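Quick notes on the structure that follows.
In this note's numbering, the protein residues as written are 21 to 155.
Encoded structure:
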């Protein structure tokens, strides 16, 4: 019971560093790149509804996020939300990416970037409110 009041040490808070995060194999990276190409080809060759187009952008963005290409992931996930608002996996991943970018900006003491990503996160919260209230 006295453990509740004990100050946590760095060992207790252990966060994953870049070295400890699971790394993708070359085969997995190739498979993700193929998946991205397939989705892009699918979008080009047929007329898709807004919902299908948003889903394709979301899949592409999630693949880029898995490949640790956060800038490309953000672009694709933003296009997905521009096309059709939703609160699926793409929304959650985009919010997570914005938070990571904000944290990086805070570590480098870049106030403009901090403000930019805080504004983006506010936009995301407004999307969540809008979608929740419209149901």
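Glycine included, each C-beta is placed from N, C-alpha and C at the ideal position. Bear in mind that the values here come from a model prediction, so they are computed numbers and not experimental data.
Quick check: the Cα distance between residue i and residue j, rounded to an integer number of angstroms?
i           : j           : result
residue 119 : residue 49  : 24 Å
residue 121 : residue 64  : 31 Å
residue 153 : residue 146 : 10 Å
residue 39  : residue 114 : Residue placement at residue 39 cannot be trusted, given a pLDDT of 46 that sits under 50; the coordinates are not used to answer.
residue 91  : residue 82  : 12 Å
residue 59  : residue 126 : 35 Å
residue 85  : residue 47  : 17 Å
residue 123 : residue 142 : 15 Å
residue 134 : residue 42  : 28 Å
residue 89  : residue 45  : 15 Å
residue 140 : residue 93  : 15 Å
residue 136 : residue 72  : 29 Å
Nearest to residue i by CA position, among the options, is which residue?
i           : options           : result
residue 150 : 69, 70, 43, 105   : 105
residue 74  : 109, 86, 46       : 109
residue 55  : 78, 134, 142, 143 : 78
residue 70  : 61, 138, 93, 102  : 102
residue 57  : 80, 42, 134       : 80
residue 144 : 124, 44, 111, 136 : 111
If residue i sits next to residue j, beta carbons under 8 Å apart, how far is it from one beta carbon to the other, in whole angstroms?
i           : j           : result
residue 68  : residue 76  : 7 Å
residue 87  : residue 117 : Contact flag wrong, Cβ pair sits at about 13 Å.
residue 107 : residue 61  : Rounded, the Cβ-Cβ distance is 28 Å, inconsistent with contact.
Legend entry - Three-pair Cβ contact test at 8 Å for the region 86-106 versus the region 127-135: no
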